[in-house]
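These notes are about the structure you will find just below.
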Amino acid sequence: MKNTVLTFVKAKQDKTKISMLTAYDYSTAKLINDAGINSILVGDSLGNVMLGYEDTVSVTMEDMIHHTKAVARGAKDALVIADMPFMSYQTSVYDAVVNAGRLMKEGRANAVKLEGGKEVCPQIKAIVDAGIPVCAHIGLTPQSINALGGNRVQGKTEDAAKKLLEDALAVQEAGAFAVVIEAVPEKLAGLITSRLDIVTIGIGAGNGCDGQVLVYQDMLGMFSDFTPKFVKRYANIGEMMTAAFRQYDEEVKNTAFPSAEHTYKIDDEIIEKLY
Ligand code: KIV
């Protein structure tokens, strides 16, 4: 059955957890969907893990629409949330609504996600008023990496913790149906979760959140440029891929591949007539 924003509402009421993973293509979305994961985030982390940028700042609307389309085709049951890339909503409320609309109409997302607290509440309200569900994202907000001075844990001082709580309440008030909390101490994320009526999705925010999200290449050991402390590695698919690529290279070079079973046949008579 299709997961919707109502699945998130019910999960909060029933105190059941929401699972979310990122995906950026059809085949992976299908595998994640078929594993029963509630929601797929087409994260702008695609800038890092798919496009090889050092951050998410260069990701464009066209990149996001292209990958969201592919994921939406593979995610029959999972709720597809598309990230709004850097400068697609910060510039104005008008830009925010237009670009959120494009992710829904062209990308076929079920919801959009954007980064920030109080400062983006006018955008959240306008997008929600246009009939588009919004997931907020607070704590470590990677699009602001230059302002934050790096990928650091957020909310550790009294002022910063207070601001995070206020931001969480503000995005809820603006109409967000969920909020991602990234790289925040467990106790603070737990406290925020207990104060909110909407679902919190943690990434590096401990077990007290209402759900969890991970970047799939991180949890499968397919991306080694950097691995945050909060990543649990569930498999070493990267090593398996390299081993398979090496074996293929060897077999192509020693002609073990392709063997008869991977080869099409033709009558010898037909070939002889060509000589
Ligand atoms: O872009 C992304 O993948 C994200 C998650 C890390 C939450 O925003």
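In this note's numbering, the protein residues as written are 87 to 361.
In this text, a Cβ means the ideal position worked out from N, Cα and C, and glycines have one as well.
Checklist entry - Leu-226 and Ala-247: beta carbons closer than 7 angstroms? => result Judged by beta-carbon spacing, Ala-247 lies beyond the 7 angstroms limit of Leu-226, meaning their Cβ atoms are not closer than that value.
Checklist entry - Which residue comes first and which comes last in the beta strand (DSSP E) that contains Lys-199? => result Note, Lys-199: beta strand (DSSP E), 197-201.
Checklist entry - With 16 as the cutoff for other CB atoms within 10 Å, does Val-338 come out buried or exposed? => result Val-338 sits exposed, since fewer than 16 C-beta atoms from the chains shown fall within 10 Å of its C-beta.
Checklist entry - In terms of residues, what are the limits of the beta strand (DSSP E) holding Leu-165? => result From DSSP, the beta strand (DSSP E) with Leu-165 extends over 165-169.
Checklist entry - Which residue from Glu-205, Ala-97, Ala-161 puts its Cα closest to that of Lys-249? => result When only C-alpha atoms are compared, the closest one is Glu-205.
Checklist entry - Do the segment 181-195 and the segment 132-145 meet, that is, are 3 or more Cβ pairs less than 8 angstroms apart? => result Touching, no.
Item to check | Alpha carbon of Thr-154 to alpha carbon of Phe-309, nearest angstrom | outcome: Distance between the alpha carbons of Thr-154 and Phe-309: 21 angstroms.
Checklist entry - Which of the three DSSP states, helix, strand or coil, is assigned to Gln-298? => result If DSSP states are grouped into helix, strand and coil, Gln-298 belongs with the strands.
Checklist entry - Who sits around the ligand KIV, taking every residue whose Cβ is closer than 7 angstroms to one of its heavy atoms? => result Those residues that bring their Cβ nearer than 7 angstroms to a heavy atom of the ligand KIV are Thr-108, Leu-127, Gly-129, Asp-130, Ser-131, Thr-142, Asp-169, Lys-199, His-223, Pro-228, Val-266, Glu-268, Ile-289, Val-299, Val-301.
Checklist entry - How close, in whole Å, do the beta carbons of Val-198 and Ile-167 come, if the pair is a contact with beta carbons under 8 angstroms? => result A Cβ-Cβ distance of about 7 angstroms is found for the pair Val-198 and Ile-167, placing them in contact under the 8 angstroms criterion.
Checklist entry - Is the Cβ-Cβ distance between Leu-306 and Ala-321 less than 7 angstroms? => result Cβ atoms of Leu-306 and Ala-321: closer than 7 angstroms.
Checklist entry - Going by other Cβ atoms of all chains shown within 10 Å of its Cβ, with 16 needed for buried, is Gln-240 buried or exposed? => result Label assigned to Gln-240: buried.
Checklist entry - To the nearest angstrom, how far is it from the Cα of Asn-124 to the Cα of Thr-243? => result Cα to Cα, the separation comes out at about 33 angstroms.
Checklist entry - So the alpha helix (DSSP H) Glu-355 belongs to, where does it begin and stop? => result Bounds of the alpha helix (DSSP H) holding Glu-355 are 354-360.
Item to check | Own chain residues within Cβ distance below 7 angstroms of His-139, not counting five before or after | outcome: Just to set this straight, residue 139 is Tyr in the shown sequence, not His. Contacts found: Gly-133.
Next on the checklist: Can you look up Thr-286 in the DSSP assignment and give me helix, strand or coil?
Outcome noted: It is a strand residue.
Next on the checklist: Check this for me: beta carbons of Gln-209 and Val-257, under 7 angstroms apart or not?
Outcome noted: The Cβ-Cβ distance between Gln-209 and Val-257 does not fall below 7 angstroms.
Next on the checklist: Rounding to the nearest angstrom, what Cα-Cα distance links Glu-358 and Ala-346 in this structure?
Outcome noted: Roughly 20 angstroms between the two C-alpha positions.
Checklist entry - Between Ser-230 and Ile-323, what straight-line distance do the alpha-carbon atoms span, to the nearest angstrom? => result Here the C-alpha atom of Ser-230 lies approximately 31 angstroms from the C-alpha atom of Ile-323.
Next on the checklist: Tell me whether Leu-234, by its Cβ, gets closer than 6 angstroms to a heavy atom of the ligand GTP.
Outcome noted: Inclusion of the ligand GTP in the displayed structure is not the case, the ligand content consisting of the ligand KIV alone.
Checklist entry - Nearest-angstrom Cα distance between Ser-295 and Ile-151? => result Here residue 295 is Cys; the residue named in the question, Ser, does not match the sequence. Going from the Cα of Cys-295 to the Cα of Ile-151 covers about 29 angstroms.
Checklist entry - Along the chain, where does the alpha helix (DSSP H) that runs through His-57 open and close? => result Residue 57 lies beyond the stretch modelled for the chain, which goes from 87 to 361, so this question has no answer here.
Item to check | Paired residues, beta bridge with Val-220 - DSSP | outcome: In the DSSP secondary-structure assignment, Val-220 is bridged to Val-198.
Checklist entry - In its own chain, which residues sit with a C-beta less than 8 angstroms from the C-beta of Ala-342, not counting the 5 before and 5 after it? => result Excluding residues within five positions, the ones whose Cβ falls inside 8 angstroms are Glu-336.
Next on the checklist: Looking at the secondary structure, which residues open and close the alpha helix (DSSP H) in which Glu-259 lies?
Outcome noted: Residues 244-260.
Next on the checklist: Here's the rule: buried if 16 or more other CB atoms are within 10 angstroms of the residue's CB, otherwise exposed. What is Leu-360?
Outcome noted: Using a 10 angstroms sphere on the CB of Leu-360, the tally of other CB atoms stays under 16, which defines it as exposed.
Checklist entry - CB Tyr-110 to CB Met-136, shorter than 7 angstroms? => result In this structure, Met-136 lies closer than 7 angstroms to Tyr-110 by Cβ.
Checklist entry - What is the DSSP secondary structure of Leu-137, counted as helix, strand or coil? => result Coil at Leu-137, not helix or strand.
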